[in-house]
Amino acid sequence: MAFAINGKFTSQPVTGVQRVAYELTRAMQMRVPPGERLEIFVPRNAREPGALLKWQRRFPWLRGTLWEQITLPIAARGVRLLNLCNTNPVFKRRQVVMVHDMAVYDVPGGFSKKFVLWYRLCFFMLPRMQPMIITVSEFSKSRICHHLKIDESRVAVVSPAADHLDRVVSEPAVIERLNLVKDAYCVVVGSLDPRKNLQRVLEAIEKLGHLDHVKFVVVGGKNARIFNSELADEKPQSERVVWAGFVTDGELKALYENAGCLVFPSLYEGFGLPPLEAMYCGCPVVASSRTAIPEVCAEAAIYCDATSADDIAAKIALMMMDDALRQRYRAMGLARAREFRWDMSAQSVLEILEGQAGVRLSGVPASASAG
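137 is the number that the numbering used here gives to position 60 of the sequence shown; each next residue is one higher, with no gaps.
See the structure below:
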């Protein structure tokens with residue numbers, strides 16, 4: 078049986094989930110032998126970078142969720158689908174689904190009611206379809222098995238990576254534009270998603286008067302259709318807080334390369350890509366000790382109690398006041414981040430697909446009896 082990739086993500090802004098889908102698809106397509114294809118089914122409004130992926134089949138009818146639930150299953154009759162962004166066609170058999178986390182169950186208050194209801198419906202249907210599930214960490218695997226009552230043998234862990242940053246050209250002009258000084262600022266990523274815990278970071282900054290030369294650059298924004306946050310309407314003002322909003326990949330890479338550290342006291346992560354990306358760029362990390370983050374960062378980060386502004390402040394001060402400590406964590410972070418590679422992740426997904434459907438890398442049947 079052939080397989081293809083659900084390309085709904087190609088029409089969406091690139092955040093963590095879409096980044097994983099794009100990089101996995103790209104890496105899997107690069108492993109396909111000459112003369113074979115791994116197709117991706119995309120809607121009519123695909124855009125970069127997803128629109129640049131190879132071997133696309135465009136199906137122009139409908140958009141968004143309607144495209145995924147109506148157009149895609151019709152287009153994919155007789156094909157096993159790989160879905161990389163949590164959701165999948167509800168009434169399609171023979172699927173592999175990547176579920177990144179169980180946040181709509183564990184921390185539902187961080188999302189809009191409509192978002193929670195839709196995702197819970199999709200997850201309610203998932204066990205009844207008996208798919209193979211891929212997830213991004215052992216933490217997420219445990220939460221999936223708990224909430225969806227799925228046997229752990231049907232859930233495989235495939236870690237994301239950060240080596241896509243090798244293809245990103247650093248844009249250091251952002252440092253001058255934001256009036257920053259190398260090693261004299263901290264980066265805070267994921268600003269207006271309430272799970273990212275920005276309010277407590279702002280409280281911690283108020284306790285760091287002795288580091289008055291240090292600025293805090295807040296990167297990211299808010300999608301009101303997904304997140305439930307009051308911070309989008311009224312950002313707290315401080316001379317030490319720089320609200321950068323959305324930045325390009327090149328600007329983010331430059332911010333990481335020149336920062337004193339990344340501050341990432343997230344309350345909930347299925348994986349936690351920003352700390353891995355920061356470490357890959359040589360940026361030391363102060364991170365939450367909760368959920369999947371220690372699984373990703375291991376010994377290469379300083380951990381804080383994400384519920385304590387005092388502890389967050391203390392760990393920031395520890396990192397920013399000790400040049401030798403920063404250099405040590407910079408080196409450990411670089412080594413840790415290079416343990417994760419997209420080609421290795423792609424190979425793991427392809428092996429799962431082969432085991433599920435009896436197919437070669439391209440989706441061409443391995444034998445006449447396959448599927």
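Backbone N, C-alpha and C fix where the C-beta goes; we use that ideal spot for every residue, glycine too.
Exercise. On the DSSP bridge assignment, give the partners of Gln172 in chain order.
Key: Leu158
Quiz prompt | Between the CA atoms of Glu372 and Leu242 - distance to the nearest angstrom | solution = Cα to Cα, Leu242 sits roughly 21 Å from Glu372.
Quiz item: By DSSP, does Ser365 sit in helix, in strand, or in coil?
Solution: strand
Exercise. Go ahead and pull the three-state DSSP assignment for Cys358.
Key: coil
Quiz item: If you draw a straight line from the C-alpha of Leu288 to the C-alpha of Ala394, how long is it?
Solution: 8 Å
Quiz prompt | Backbone CA spacing between Pro249 and Ser230 [nearest angstrom] | solution = 46 Å
Exercise. Quick one: residues in its chain with C-beta nearer than 8 Å to the C-beta of Val362, no 5 flanking neighbours on either side, listed in chain order?
Key: Cys338, Leu339, Phe341, Pro352, Ala355, Met356, Cys374, Ala377, Ala378, Ile379, Tyr406, Gly410
Self-check item: Backbone CA spacing between Pro442 and Arg140 [nearest angstrom]
Solution: Any answer about Pro442 is weak, because its pLDDT of 40 lies below 50 and its placement is not dependable; what the coordinates show is given next. Cα-Cα distance, rounded: 30 Å.
Quiz prompt | Distance between beta carbons of Ala81 and Phe118, contact taken as under 8 Å | solution = 5 Å
Quiz item: Would a C-beta distance cut-off of 8 Å place His177 and Phe293 closer than the cut-off?
Solution: no
Quiz item: If Pro161 and Asn83 are in contact, beta carbons under 8 Å, what's the gap, nearest whole angstrom?
Solution: Strictly speaking, residue 161 in this sequence is Leu, with Pro absent from that position. Leu161 to Asn83, Cβ: 7 Å. Contact.
Practice problem: State the CB to CB distance for the pair Asp326 and Val245, rounded to an integer number of angstroms; the pair is presumed to be in contact (CB under 8 Å). | Solution: 5 Å
Exercise. Express the C-alpha separation of Gln172 and Val156 in angstroms, rounding to a whole number.
Key: 9 Å
Quiz prompt | Length of the line joining the Cα atoms of Phe86 and Pro111 | solution = 26 Å
Self-check item: Lys169 versus Cys199 - alpha carbon distance
Solution: One alpha carbon belongs to Lys169, the other to Cys199, and they sit about 12 Å apart.
Practice problem: Would you list the residues sitting across from Phe293 in a DSSP beta bridge? | Solution: In the DSSP output, where bridge partners are listed per residue, Phe293 has Cys263, Val318.
Exercise. Determine contact between the region 381-392 and the region 266-279, defined as no fewer than three beta-carbon pairs at a distance below 8 Å.
Key: yes
Practice problem: Report yes or no: do three or more beta-carbon pairs, one from the region 328-336 and one from the region 422-434, lie closer than 8 Å? | Solution: Verdict: no, contact absent.
Exercise. Tell whether a beta-carbon distance below 8 Å holds between Asp270 and Gly187.
Key: yes
Quiz item: According to DSSP, is Asn335 helix, strand or coil?
Solution: helix
Self-check item: Per-residue burial, Glu100 [other beta carbons within 10 Å of its own, 16 or more giving buried]
Solution: buried
Exercise. Provide the residue span of the alpha helix (DSSP H) that contains Gln106, from first to last.
Key: 93-107
Quiz item: If you draw a straight line from the alpha carbon of Glu116 to that of Ala98, how long is it in whole angstroms?
Solution: Rounded to the nearest angstrom, the gap between the Cα atoms of Glu116 and Ala98 is 14 Å.
Quiz item: So what does Tyr380 bridge to, in DSSP terms?
Solution: Ala364
Quiz item: Measuring CA to CA, which of Ala239, Asp240, Ile221, Ala238 is closest to Val232?
Solution: Ranking Ala239, Asp240, Ile221, Ala238 by Cα distance to Val232 puts Ile221 first.
Quiz prompt | Contact check, Tyr345 vs Val264, beta carbons under 8 Å | solution = no
Quiz item: Going by other Cβ atoms of all chains shown within 10 Å of its Cβ, with 16 needed for buried, is Gln207 buried or exposed?
Solution: exposed
Quiz prompt | Supposed close pair Val235, Val426 - CB separation, criterion 8 Å | solution = 6 Å
Quiz item: To the nearest whole angstrom, what separates the beta carbons of Val94 and Asn163, a pair I think is in contact under 8 Å?
Solution: In this structure Val94 is in contact with Asn163, their Cβ atoms being roughly 7 Å apart against a cut-off of 8 Å.
Self-check item: N-terminal and C-terminal residue of the beta strand (DSSP E) that Gln133 is part of
Solution: Here the beta strand (DSSP E) through Gln133 covers 133-135.
Quiz item: I think Trp132 touches Arg114, with their Cβ atoms under 8 Å apart; what is that distance to the nearest whole Å?
Solution: 5 Å
Practice problem: Please state if the CB of His290 and the CB of Ala336 are separated by a distance shorter than 8 Å. | Solution: Result no, Cβ atoms of Ala336 and His290 do not sit closer than 8 Å.
Self-check item: Short Cβ contact (8 Å threshold) for Ala412 with Ala239
Solution: no
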